[in-house]
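Q: Counted the way the numbering used here counts, the sequence shown spans residues 39 to 234.
Shown below is the structure under consideration.
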Amino acid sequence: MTKIILITHQKGGVGKSTLAFLLAQNISSNAKVAVLDMDVQGSLSQLKDLVTDFDIIPYQDTIEKIKDLEYDFIFIVTPPYLSNHLSKLMQLADLILIPTKAGFLDLLAIESTINLIKSESKIGQAMVVFNMIKVNTTLTIDILIGLEEYNIKIANTHISDLVSITRSVLEKGIKSNKNAQRQLDNLTKEVLTALV
Ligand SMILES: Nc1ncnc2c1ncn2[C@@H]1O[C@H](COP(=O)(O)OP(=O)(O)OP(=O)(O)O)[C@@H](O)[C@H]1O
Ligand SMILES: [Mg+2]
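What follows is the structure, given as structure tokens:
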């Protein structure tokens with residue numbers, strides 16, 4: 039059974055592509071994995087020929103065919119805007135990840151994405167992932183309270199703002215940075231657990 043993980047947020051630059059790459063890379067040692075880049079200008083698609091551990095599939099118009107692709111895990115990355123594909127993609131997904139930074143404005147920006155997930159009745163399969171958290175800071179309580187009203191799951195693992203993560207796509211992973219790898223392993227576990 040193929041598991042489909044949708045990584046989405048209408049806001050740009052929150053780490054959708056980066057987290058898709060890293061999670062796919064991390065899982066690929068034990069499973070057959072693809073990343074489907076629904077961003078027409080998608081940067082991941084440009085890495086297609088460089089990446090060997092998993093497949094990168096460029097933009098596809100035929101969403102119905104996605105579930106027939108023969109993989110254990112398919113990560114679908116969306117562009118940073120609303121598209122009429124988004125509802126269909128949410129319906130396909132076993133899990134929806136919403137990466138976000140932890141600023142107050144970032145929290146305001148998440149509302150439209152969460153509302154769409156709600157209107158698709160998928161809130162129970164969605165999880166917010168805090169990304170680019172400054173090292174040695176904790177999330178402020180107002181951010182967490184702000185999210186609470188949405189009744190959406192929040193990943194226990196927070197991903198730090200780390201240079202090794204910025205470089206990870208180029209260097210095909212973060213193995214050399216123990217802290218980054220530990221965070222990624224924890225997030226991978228949470229994702230796999232949420233898929234069971
Ligand atoms: N945890 C992190 N630490 C440091 N840099 C990060 C981290 N996560 C993402 N970045 C960097 O932030 C930038 C934006 O990330 P990314 O392109 O993955 O976001 P995106 O949500 O896919 O953006 P878009 O919506 O424009 O496609 C990139 O330069 C990436 O390397
Ligand atoms: Mg992207």
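Yeah, the Cβ is synthetic: ideal placement off N, Cα and C, and Gly gets one too.
Keep in mind it's a predicted model, so treat the numbers as computed, not measured.
In chain order, which beta strand (DSSP E) runs of at least 3 residues are fully inside the stretch 153-186?
A: The stretch 153-186 contains these whole beta strand (DSSP E) runs: 164-168.
Q: Quick one: residues with CB closer than 5 Å to any heavy atom of ligand 2, in chain order, please.
A: Cβ atoms closer than 5 Å to ligand 2 belong to K54 and S55.
Q: In the DSSP assignment, what residue or residues form a beta bridge with L135?
A: Answer is I45 and M165, bridged to L135.
Q: DSSP puts D93 in a beta bridge; with which residues?
A: Bridge partners of D93: A72.
Q: Assign N189 to one of two classes, buried (16 or more other C-beta atoms within 10 Å of its C-beta) or exposed (fewer than that).
A: When all chains shown are included, N189 counts as exposed.
Q: Please name the residue or residues paired with S55 in a DSSP beta bridge.
A: Answer is none; S55 lacks a bridge partner.
Q: Distance check for D93 and K105, CA to CA, integer angstroms please.
A: Taking the straight line joining both Cα atoms gives about 15 Å.
Q: Pop quiz: V71 and I65 are said to be a contact at Cβ under 8 Å. What is the actual Cβ separation, rounded to whole angstroms?
A: The pair is a contact, with the Cβ atoms about 5 Å apart (cut-off 8 Å).
Q: Mind reading off the beta-carbon distance from A232 to M165? Whole number of angstroms is fine, and I expect it under 8 Å.
A: Sure, about 6 Å apart at Cβ, within 8 Å.
Q: What is the DSSP secondary structure of I112, reduced to helix, strand or coil?
A: Strand, per DSSP.
Q: Just to confirm my understanding: we take S214, look at its own chain, exclude 5 residues before and 5 after, and list those with CB closer than 8 Å. What are they?
A: Excluding positions up to five away in sequence, the list reads S202.
Q: Quick one: give me the first and last residue of the alpha helix (DSSP H) that V15 is part of.
A: The requested residue 15 is not part of the displayed model; the chain covers only 39 to 234.
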